[in-house]
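Visitor:
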Amino acid sequence: FDLFFVSSNDHKYLEARKILHGFGIALGFLKSDLEEVQSNTLNEIALRKAKNAFSKFKKPIIIEDDGLFIDSLKGFPGPYSSYVFKTIGNDGILNLLKNNRKAKFVSIITYCDESVLQSFDGKLDGTISRSQKGKGWGYDPVFIPKNSKKTFAEMNDKNNFSHRYKALKKFSNWYLNK
Ligand code: ITT
Ligand code: NA
């Protein structure tokens with residue numbers, strides 16, 4: 525492979541591989557725990573994850589940092605999405621919400637090699653469901669993208685328009701012309 529995805533999360537890799545395959549880019553996997561750098565912004569976390577990943581593997585890599593931002597919780601869990609999922613999980617999130625259920629998913633993809641460090645973002649608006657629906661990973665059973673009645677977990681075409689798709693589309697336009 526000319527390009528590797530560095531992550532501890534198989535689901536993220538499998539989706540990214542599928543999406544990039546659609547753009548003609550083959551993506552290898554270097555499964556690795558990139559000590560979760562805590563920071564208030566996804567961008568900062570992504571840059572640090574990318575630098576850590578490159579210094580560890582010395583190969584052209586991309587990493588991804590995601591966040592679920594819930595309006596009525598002032599953007600929580602945002603940069604803490606991974607930790608919050610592992611602790612209170614989807615039931616914990618559902619218990620915190622009342623009528624305003626607006627939320628958005630954000631993905632930052634950061635590329636790093638010996639000379640370049642470059643980030644790309646993708647955002648998708650939606651709402652949080654009243655209960656968990658469908659079988660999926662992470663927040664998929666509670667996230668309903670805009671203009672849909674189904675959660676990500678109930679869909680089979682999530683990868684055609686997700687936050688991850690949008691960030692990877694920007695990345696691939698840049699990468700293929702680099
Ligand atoms: P890394 O090793 O790549 O950091 P991670 O799982 O910790 O893996 P993030 O820090 O980007 O990844 O955490 C974002 C969390 O948000 C992730 O653990 C999921 O629980 C959730 N998430 C991100 N994208 C998602 C998606 O498309 N569907 C459902 N949940 C998602
Ligand atoms: Na993480």
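Going by our numbering, the sequence shown opens with residue 525, and the numbers climb by one from there. Ideal Cβ placement from N, Cα and C applies to all residues, glycine included.
Check for me: the beta strand (DSSP E) holding Asp589 runs from which residue to which?
Guide: One-based indexing of the sequence shown puts residue 589 at position 65. From DSSP, the beta strand (DSSP E) with Asp589 extends over 585-594.
Visitor: What do you get for His687, buried or exposed, if any count of 16 or more other CB atoms within 10 angstroms of its CB means buried?
Guide: By 1-based counting over the sequence shown, the position of residue 687 is 163. By the 10 Å Cβ count, His687 comes out buried.
Visitor: If you compare alpha carbons, which of Lys690, Val530, Ala550, Leu551 is closest to Leu571?
Guide: Walking along the sequence shown from the start, residue 571 turns up at place 47. Among Lys690, Val530, Ala550, Leu551, the Cα nearest to that of Leu571 is on Val530.
Visitor: CB of Asn533 to nearest heavy atom of the ligand ITT: below 6 Å?
Guide: Numbered from its first residue, the sequence shown carries residue 533 at position 9. Yes, the beta carbon of Asn533 sits closer than 6 Å to at least one heavy atom of the ligand ITT.
Visitor: Quick check: the Cα distance between Asp645 and Glu539, rounded to an integer number of angstroms?
Guide: For the purposes of this step, residue 645 is identified with residue 121 of the sequence shown, where counting begins at 1. For the purposes of this step, residue 539 is identified with residue 15 of the sequence shown, where counting begins at 1. Approximately 16 Å between the Cα atoms of the pair.
Visitor: Is Gly474 near the ligand ITT - that is, is its Cβ less than 6 Å away from at least one heavy atom of it?
Guide: For the chain, the structure presents residues 525 to 702; residue 474 sits outside this window and is missing.
Visitor: So Val608 is in the alpha helix (DSSP H); what residue range does that whole segment cover?
Guide: Counting from 1 along the sequence shown, the entry for residue 608 is found at position 84. From DSSP, the alpha helix (DSSP H) with Val608 extends over 605-611.
Visitor: Cβ of Phe609 versus every heavy atom of the ligand ITT: is any distance shorter than 6 Å?
Guide: Here residue 609 is taken as the residue at index 85 of the sequence shown, counted from 1. Checking the Cβ of Phe609 against the ligand ITT gives yes.
Visitor: Rounding to the nearest angstrom, what Cα-Cα distance links Pro657 and Gln642 in this structure?
Guide: By one-based count along the sequence shown, residue 657 stands at place 133. By one-based count along the sequence shown, residue 642 stands at place 118. The displayed chain sequence assigns Lys, not Pro, to residue 657. Cα to Cα, the separation comes out at about 36 Å.
Visitor: Would you check whether the ligand ITT has a heavy atom nearer than 6 Å to the C-beta of Gly662?
Guide: Taking the sequence shown and counting its residues from 1, one reaches residue 662 at position 138. Result yes, Cβ under 6 Å from the ligand ITT.
Visitor: Is the beta carbon of Leu551 closer than 7 Å to that of Ala577?
Guide: Locating residue 577 in the sequence shown gives position 53, counting from the first residue. Locating residue 551 in the sequence shown gives position 27, counting from the first residue. Contact flag unset, no.
Visitor: So, are the CB atoms of Ile543 and Leu692 less than 7 Å apart?
Guide: Looking up residue 543 in the sequence shown gives position 19. Looking up residue 692 in the sequence shown gives position 168. Cβ distance < 7 Å, so Ile543 and Leu692 count as in contact.
Visitor: Any heavy atom of the ligand ITT closer than 6 Å to the CB of Asp589?
Guide: As a working mapping, residue 589 is identified with position 65 in the sequence shown. Asp589 Cβ: within cutoff of the ligand ITT.
Visitor: The ligand ITT and Ser605: does the residue's C-beta get closer than 6 Å to at least one heavy atom of that ligand?
Guide: Walking along the sequence shown from the start, residue 605 turns up at place 81. Under cutoff, so the answer is yes.
Visitor: Please report the Cβ distance between Val561 and Ile569, rounded to the nearest whole angstrom; I am assuming they are in contact, meaning their Cβ atoms lie under 8 Å.
Guide: Within the sequence shown, residue 561 is the residue found at index 37, counting from 1. Within the sequence shown, residue 569 is the residue found at index 45, counting from 1. Between Ile569 and Val561 the Cβ distance is about 5 Å, and since that is below 8 Å, they are a contact.
Visitor: Tell me where the alpha helix (DSSP H) around Gly646 begins and ends.
Guide: The sequence position of residue 646 within the sequence shown is 122, counting from 1. Unbroken run through Gly646 is the beta strand (DSSP E), 641-652; no alpha helix (DSSP H).
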